[in-house]
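Chemist: Quick note, the sequences are listed as chains A and B, same order.
Its first residue numbered 1, the first sequence is counted upward by one per residue in the UniProt record's numbering.
Its first residue numbered 1, the second sequence is counted upward by one per residue in the UniProt record's numbering.
Each residue gets a CB set at the ideal place from its N, CA and C atoms; glycine is no exception.
If you're wondering where the values come from, they're calculated on a predicted model, not measured in any experiment.
Protein chains: 2
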Amino acid sequence: MQENLYDDQVFFKNYMELRENPVSYNTLLEQPALQAMLPPLAGKHVLDLGCGFGEGCAGYLRLGAAHVTGVDLSQNMINEAKKRNANERTAYFCMDMTQIASLGENYDVVASSLAVHYIEDFDALARSVYAILKKGGSFVFSQEHPLTTAPKEGPNWVYDEETHKRFYPLSSYSCPGPRTEEWLECSVHKYHRTFSQVLNALLGAGFVIRELREPVPDEQTVQKNPRMVKEYDKPSFLLIAAQKP
Amino acid sequence: MQENLYDDQVFFKNYMELRENPVSYNTLLEQPALQAMLPPLAGKHVLDLGCGFGEGCAGYLRLGAAHVTGVDLSQNMINEAKKRNANERTAYFCMDMTQIASLGENYDVVASSLAVHYIEDFDALARSVYAILKKGGSFVFSQEHPLTTAPKEGPNWVYDEETHKRFYPLSSYSCPGPRTEEWLECSVHKYHRTFSQVLNALLGAGFVIRELREPVPDEQTVQKNPRMVKEYDKPSFLLIAAQKP
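Structure representation (structure tokens):
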């Protein structure tokens, strides 16, 4: 079973505060891109991998999904989801997303928001998602951008006082493997993969690639959160839509 | 018509010397990856975009191609190709690769080695390549890696004497557009595109993505050219194999 960081009380409290921030990267960049890449959900059976407190599941219902299943590794998160986003057409399970074969093979859409970079074996995950999707079904997910996960020392921007130039010190891009980042007062363990590894895992599982996005903020968004101008130097998120042909 | 850098005498001389270097990045990294991604060529009609002095064309014939067409923007290069790699089953044309529609619609394979980053409108190129391929045909190409083309100031590595750490100062990744790099005593003009732009251009043209590679050197290769260890921090090349379904 994967590590259960979201069951750490300090991390959980900080994370929930972050998610309530109306100018967070999730709210302004990642979520709009993910929503735009979803297929029409009316009448569909949707599975949300790493559902957290069920915000995504509730959104998929509002978009007309017939039924939504949310899975998350954290019991804290599943408890919160059942409190905040309970619905007779939604089922929540506390489980490792690598174990989804047990859920059966009847999903139209598998969605996942910023969770797959916690999984060590993405090839195996891609095969599992493929197996539980109906023919023609979609896998739409966001993850931390490979440029964000690449450095072994954690992503630390450099600002050169002399030239007034900012840059991102990239290293170890082509060294996939575990990474540890200090975030929200905790050590977060995740896995770095190159672009080609992610895409080849999907292709190897049998998926057809439909669309990619590396979202950047527009002018209004930068006004809301000026730090986001750095996204033009190094994006935070990668989103991929794939289909089981 | 695109700029004709390879017709500059200084650049041309330096470039030819580089290509004769047995431990060049082309020889050790890019070419082996490109060769490995080609479909079987026996009996096939192949088009080489940016064929240079015809080395690739000659190789495709050796792999059994029935006929090879090489196009290059540089008259210097086409003259050299006709001198070095003439063959009754090879035709060379000095032309802009964006004008390939005039060649007709009968290719099984379109290959291109390190040339498409000179093209401003890759969406249009992808559509042109799609149009001249037979159903089931392949487009296999290498380009400078988006991490290589991203910085507006040109790619300059930083070595921190104190920590003994090397990094690549990344910036402007999400700012596609023209870039100028000083290389081989000349100003080289090329175009930066993000990963998602390149892939979405192919998908938008109708291609199915088959495979991606970001080649890195093995231990023996690093022994031959120790500078190549930097490829593990920031790769130089991106290769994509796509198919017209």
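Any beta carbon of chain A sitting closer than 8 Å to that of B:Tyr168?
Modeler: For B:Tyr168, the answer is yes, since a Cβ of chain A falls inside 8 Å of its Cβ.
Chemist: Quick one, which residues of the stretch 157 to 181 of chain B are near chain A if we go by CB-CB under 8 Å, in chain order?
Modeler: Of all residues in the stretch 157 to 181 of chain B, Val158, Lys165, Arg166, Phe167, Tyr168, Pro169, Leu170, Ser171, Ser172, Tyr173, Ser174, Cys175 have a Cβ within less than 8 Å of some Cβ in chain A.
Chemist: Nearest-angstrom Cα distance between B:Met1 and B:Asn200?
Modeler: Here the model assigns B:Met1 a pLDDT of 39, short of 50, so the residue's position is not dependable, and the following value carries that caveat. Going from the Cα of B:Met1 to the Cα of B:Asn200 covers about 25 Å.
Chemist: Measure the CB-CB distance between B:Val110 and B:Leu47 and report whether it falls below 8 Å.
Modeler: In this structure, B:Leu47 lies closer than 8 Å to B:Val110 by Cβ.
Chemist: Have a look at B:Gly64 and B:Ala86 and give me their C-alpha separation to the nearest angstrom.
Modeler: So the two alpha carbons sit approximately 16 Å from each other.
Chemist: Just checking: is the beta-carbon of A:Asp233 within a distance shorter than 8 Å of some beta-carbon in chain B?
Modeler: So yes, A:Asp233 belongs to the interface.
Chemist: Within the continuous beta strand (DSSP E) that includes B:Lys82, where are the two ends?
Modeler: Looking at the DSSP string, B:Lys82 is not in any beta strand (DSSP E); the run it does join, the alpha helix (DSSP H), is 75 to 84.
Chemist: What residues from the stretch 17 to 40 of chain A come within 7 Å of chain C, judged by C-beta to C-beta, listed N to C?
Modeler: This model lacks chain C altogether; the protein chains it does include are A and B.
Chemist: May I have the straight-line CA-CA distance separating residue 281 of chain B from B:Gly137, to the nearest angstrom?
Modeler: This structure leaves residue 281 of chain B out entirely; chain B is present only between 1 and 245.
Chemist: Does chain A have any CB closer than 8 Å to the CB of B:Ser196?
Modeler: Yes, B:Ser196 counts as interfacial toward chain A.
Chemist: Quick check: is the beta carbon of B:Glu214 nearer than 8 Å to any beta carbon in chain A?
Modeler: Taking Cβ atoms only, chain A reaches closer than 8 Å to B:Glu214, which makes this a yes.
Chemist: Say whether chain B places a C-beta atom closer than 8 Å to the C-beta of A:Ile209.
Modeler: Yes, A:Ile209 counts as interfacial toward chain B.
Chemist: Compare the Cα-Cα distances from A:Val71 to each of A:Met97, A:Tyr60, A:Glu80 and report the closest residue.
Modeler: Considering only alpha carbons, the answer is A:Met97.
Chemist: For A:Asn4, which residues from the same chain have a beta carbon less than 7 Å from its beta carbon, with the 5 sequence-adjacent residues on both sides left out?
Modeler: Only Leu73, Ser74 meet the Cβ criterion.
Chemist: 8 Å is my cut-off, CB to CB: does residue 270 of chain B come that close to chain A?
Modeler: Nothing about residue 270 of chain B can be read from this structure; chain B reaches only from 1 to 245.
Chemist: Does A:Leu114 come within less than 8 Å of chain B when only Cβ atoms are used?
Modeler: Taking Cβ atoms only, chain B never reaches closer than 8 Å to A:Leu114, which makes this a no.
Chemist: In chain order, which alpha helix (DSSP H) runs of at least 4 residues are fully inside the UniProt domain "Methyltransferase type 11" (47 to 141) of chain B?
Modeler: 55 to 62, 75 to 84, 122 to 132, all fully within the UniProt domain "Methyltransferase type 11" (47 to 141) of chain B.
Chemist: Take B:Arg84 and list the residues in its own chain whose beta-carbon comes closer than 7 Å to its own, dropping the five residues that flank it on each side.
Modeler: Closer than 7 Å at Cβ, skipping near neighbours: Phe53, Gly54.
Chemist: Can you confirm whether the stretch 184 to 203 of chain B touches the stretch 119 to 138 of chain A when touching is taken to mean that 3 or more C-beta pairs between the two stretches lie within less than 8 Å?
Modeler: The stretch 119 to 138 of chain A, when compared against the stretch 184 to 203 of chain B, does not touch it at the 8 Å Cβ threshold.
Chemist: What's the call for A:Ala242, buried or exposed, on a 16-neighbour Cβ count within 10 Å?
Modeler: Classification for A:Ala242: buried.
Chemist: Who are the neighbours of A:Leu203 on chain B, taking C-beta pairs under 9 Å?
Modeler: Those are Ile209, Arg210, Glu211, Leu212, listed as they occur along chain B.
Chemist: Cβ atoms of B:Glu144 and B:Ser24: under 8 Å apart, would you say?
Modeler: No.
Chemist: Closer than 6 Å by C-beta to B:Ala126: which residues in its own chain qualify, once you throw out the five before and the five after it? Chain order, please.
Modeler: The residues are Ala201, Leu202, Ala205.
Chemist: Taking only the alpha-carbon atoms, compute the straight-line gap between B:Glu182 and A:Ile240 and give it to the nearest angstrom.
Modeler: Each residue's Cα considered, the two are about 35 Å apart.
Chemist: Which whole-angstrom value describes the C-beta separation of A:Arg166 and A:Asp233, a residue pair presumed to lie in contact below a C-beta threshold of 8 Å?
Modeler: Right, the Cβ-Cβ distance comes to about 7 Å (below 8 Å), so this counts as a contact.
Chemist: Closer than 8 Å, Cβ to Cβ, to anything on chain B: give me those residues from the stretch 130 to 149 of chain A, in chain order.
Modeler: Those would be Leu147, in chain order.
Chemist: Straight-line CA distance for A:Asp108 to A:Asn26?
Modeler: Rounded to the nearest angstrom, the two C-alpha atoms are 24 Å apart.
Chemist: Taking A:Ile100 and A:Ser128 to be in contact with their CB atoms under 8 Å, please state how far apart those CB atoms are, rounded to whole angstroms.
Modeler: Right, the Cβ-Cβ distance comes to about 5 Å (below 8 Å), so this counts as a contact.
Chemist: For B:Phe139, which residues in the same chain have their Cβ closer than 6 Å to its Cβ, ignoring the five residues on either side in sequence?
Modeler: The residues are Val110, Val129, Ala242.
Chemist: Return the chain-ordered ranges of every beta strand (DSSP E) run that is complete within the stretch 131 to 208 of chain A and spans a minimum of 3 residues.
Modeler: For the stretch 131 to 208 of chain A, whole beta strand (DSSP E) runs of length 3 or above, ordered along the chain, are 133 to 144, 158 to 160, 165 to 170, 177 to 183, 186 to 192.
Chemist: Are the beta-carbon atoms belonging to B:Asn14 and B:Leu184 less than 8 Å from one another?
Modeler: For B:Asn14 and B:Leu184, yes; Cβs fall inside 8 Å.
Chemist: With burial defined as no fewer than 16 other Cβ atoms inside 10 Å of the residue's Cβ, what is the status of B:Pro22: buried or exposed?
Modeler: Per the 10 Å Cβ criterion, exposed.
Chemist: Taking the alpha carbon of B:Met77 as the point to measure from, which residue in B:Cys51, B:Ala91, B:Tyr118 has its own alpha carbon closest?
Modeler: Measuring from the Cα of B:Met77, the nearest candidate turns out to be B:Cys51.
Chemist: Using only CA atoms, which one of B:Lys190, B:Val188, B:His189, B:Ile209 lies nearest to A:Val198?
Modeler: Comparing Cα positions, the closest option is B:Ile209.
Chemist: Can you round the beta-carbon distance between B:His117 and B:Thr149 to whole angstroms, since I take them to be within the 8 Å contact cut?
Modeler: Right, their Cβ atoms sit about 6 Å apart.
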